[in-house]
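If you count the sequence shown from 1, position 202 lands on 203 in my numbering, and the numbers rise without skipping. By construction, the Cβ of each residue, glycine as well, lies at the ideal position given by its N, Cα and C atoms. Structure first, commentary second.
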Amino acid sequence: MKGAEAILKALEREGVNVVFGHPGGAIMPVYDALYDSPIKHVLVRHEQAGAHAADAYYRASGKVGVAFATSGPGATNLVTGLATAMMDSSAVVAITGNVPLGLIGTDAFQEADVYGITGPVTKHNYLVKDVNDLPRIIKEAFHIASTGRPGPVLIDVPKDIQQQEFDASFDVELDLPGYKPTVIGHAGQIKKAAEAILQAKKPVLMVGGGGQVAAAEIMEFVEHSNIPVITTLMGIGAYPAGAENALGMPGMHGTVTANRAITNCDLLIGAGLRFDDRVTGRISRFAPNATVVHIDIDPAEISKLVKAHVPVVGDLRDVLPRLQDKLEHLEIDDWWQQLNAWKAQYPERYKKDKPLVSQEVIEMFREATGGDCVVTTEVGQHQMFAARLFPTSHPRTFLTSGGLGTMGFGLPAAIGAAFARPGEPVVCIAGDGSVQMNIQELATIYKHQLPIVIAITNNGVLGMVRQWQEMFHAKRYSEVYLADSNPDFAKLAEAYGLDGYNIFDRKEAARLIPEVLAKGKPAVMNFLVYEAEKVFPMVPAGAGVDQMLLGDQEPEEAVAEESV
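And the structure:
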């Protein structure tokens, strides 16, 4: 067989049954071999969308997502998707074609230094120089992508390698002496963590994206210990949003209860998270009175931002049960009384004395689905509203771009999720700005008739940018208006062959949302919502999580001028 066929056979041996991609000259031999392969190929209309779809496929299924692209612009179009996967720890293997080995470095047609370009945004990458190395490289790539802290791996295959005769064995052994992720937590550190927890009067558990693989262990740990739980944006679903011990999301747009819990706790357990700046705010004001126990599989994250008094390197699935065995049900009634008082005082709320607002639309979707669906989001105000008002209760069902904040993620992510969880409803919460960054993928949705409902909360502006300009830039609204040139989204949907709806008031929204969901068909629902709505609470840039702006109420604490 040729190298191109060997690539597909190696992918089959890794259990790959779907690939997202777009053909081109330098990867054409692979696409020719794909013609006879059992692997399903999903033709995206832009390579960035292919990377996002592969990323979401992993997030929703736990199986490595795979993307194909050609050389030059095809490969460089993957970069944003790879960076997104890198920041959010998603296991993706991208395979790109390149010009023949002899032409690399000559500025050949559609040539780019893909190996050099993608190094900073991948966990590892390869340039294949020997056709017989393909089985080893592909096996290594899947292993590296999916073990330890997951991440994207890119394999760049010159066209002549794809066309060469392959005569090696597919039975290769992994031999990566420099790559040995620590999975088993150190017994002594787990013992120290247990001692710290047993001494605490006001503990809190903060779960990040790493918790998506350990939802069962987290649930058992919390039920056994009685510890309150905060879930970061990436951790949504790892612990049920409606559970009794849930305090919501922390950080810049977190709940009052979660942020006050952080400020007042005497012990904080960070589980599978990296203490991102949007979670911590000003580090010096983050959990100032707390002993910090940090459990993470990536030792590079320990004490990178927040000093860990008790570091535990390992997989949550190993560490949490062993830690649980050393604990008892914590008697922290006074702490729970305080937390429940904050919950009661600061429920999710927003003004309803305006025209239709984004929060109402998102709540209607939550009520219509019961949260029993996959939610993807674009990036902006609607993303924060969705995180607060449409959190899911199952792992791997709330898919959003966290670390990179990639506008254009949500729509192709919905495609990846639909293939990862066939038959399940998928709701993409979008804004009129970010949805247009990959809106061409409506064609992909139509082609495969995927049960995706795209809910556009259309306020006619780049909402989050407008909010910052109003609050911190003297209402100088620079380049945020979209309404004067937005398309008619319902007609646009219909042009792609999908059902399209323009919705102008809450009564119509309440009627149509359950009706459209019940059809189980792809649809675009464009909700015209209030322009100037803002996301609150909000922690201004440079402030601490104890310095929330509460919206309609007076700020909790005056924020120093230099912190804004």
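- The criterion of a C-beta distance shorter than 8 Å is satisfied by Q360 and F386.
- Burial is judged here by how many other beta carbons sit within 10 angstroms of a residue's own beta carbon; D326 has fewer than 16 and is exposed.
- When DSSP assignments are scanned along the stretch 28-116, the uninterrupted stretches of beta strand (DSSP E) that are 3 or more residues long and fall wholly within it turn out to be 41-44, 66-70 and 93-99.
- Between the C-alpha atoms of E302 and P251 there is a straight-line separation of about 19 Å.
- Between G315 and G273, the gap from beta carbon to beta carbon reaches 8 Å or more.
- In this structure, Y347 is the residue among Y347, P523 and L412 with its C-alpha nearest to the C-alpha of L248.
- Secondary structure within the stretch 383-464: the alpha helix (DSSP H) runs of 4 or more consecutive residues, fully enclosed, are 411-421 and 443-449 (chain order).
- DSSP places T264 in the helix class (H, G or I) of the three-state scheme.
- Cβ neighbours of D433 within its own chain (closer than 6 Å, five residues either side excluded): I457, N459, L483 and N487.
- A Cβ-Cβ contact shorter than 8 Å links A27 with V100.
- Of the other Cβ atoms in all chains shown, fewer than 16 fall within 10 Å of the Cβ of S479; this residue is therefore exposed.
- In this chain, the alpha helix (DSSP H) harbouring P136 covers L135 to S147.
- Classified as exposed, N341 has fewer than 16 neighbouring CB atoms from the shown chains inside 10 Å of its CB.
- The shortest C-alpha to C-alpha distance from A146 to any of I263, A511 and A55 is the one to A55.
- With a cutoff of 8 Å on beta-carbon distance, V462 and M253 are scored as not near each other.
- Runs of the beta strand (DSSP E) spanning 3 or more residues and lying entirely within the stretch 248-294 occur at 268-272, in chain order.
- Residues G271, V293, V294, H295 and I303 of the same chain have their beta carbon placed closer than 8 Å to that of A309, with the five preceding and five following residues left out of the count.
- With at least 16 other beta carbons inside 10 angstroms of its own, D547 counts as buried.
- Residues E218 and F222 of the same chain have their beta carbon placed closer than 6 Å to that of L321, with the five preceding and five following residues left out of the count.
- Exclusion of the five residues before and after F167 leaves M2, K3, G4, E6, A7, V132, N133 and L135 as the residues of its chain whose Cβ lies within less than 8 Å of its Cβ.
- Within the same chain, Cβ atoms closer than 6 Å to the Cβ of M87 are found at V122, G152 and P153, the five residues on either side in sequence being excluded.
- Following the DSSP letters along the chain, one finds T378 inside the beta strand (DSSP E) bounded by residues V375 to T378.
- Checking the DSSP bridge columns, you'll see H310 has no partner listed.
- With fewer than 16 other Cβ atoms inside 10 Å of its own Cβ, G243 counts as exposed.
- Rounded to the nearest whole angstrom, the C-alpha separation of E174 and Y497 is 47 Å.
- Between T377 and A414, the beta carbon gap of about 4 Å places them in contact (Cβ cut-off 8 Å).
- At a cut-off of 3 residues, the continuous stretches assigned as beta strand (DSSP E) that sit fully inside the stretch 304-351 are 311-314.
- Under the 10 Å beta carbon count, H330 is surrounded by fewer than 16 other beta carbons and is classified as exposed.
- Taken through DSSP and simplified to helix, strand or coil, D547 comes out as coil.
- Here G403 has D89, L234 and M235 as same chain residues with Cβ atoms under 6 Å from its own Cβ, once five neighbours each way along the sequence are excluded.
- Between the alpha carbons of I138 and G75 lies a distance of about 21 Å.
- I416 sits away from I440, with the two beta carbons spaced by 8 Å or more.
- A check of alpha carbon separations from P24 across A11, V94, R275 and R46 identifies R46 as the nearest.
- Annotated three-state conformation of G371 is coil, per DSSP.
- Assignment of beta-bridge partners to P204 by DSSP yields L268.
- Under DSSP, Y482 takes part in a beta bridge, and its partners are V462.
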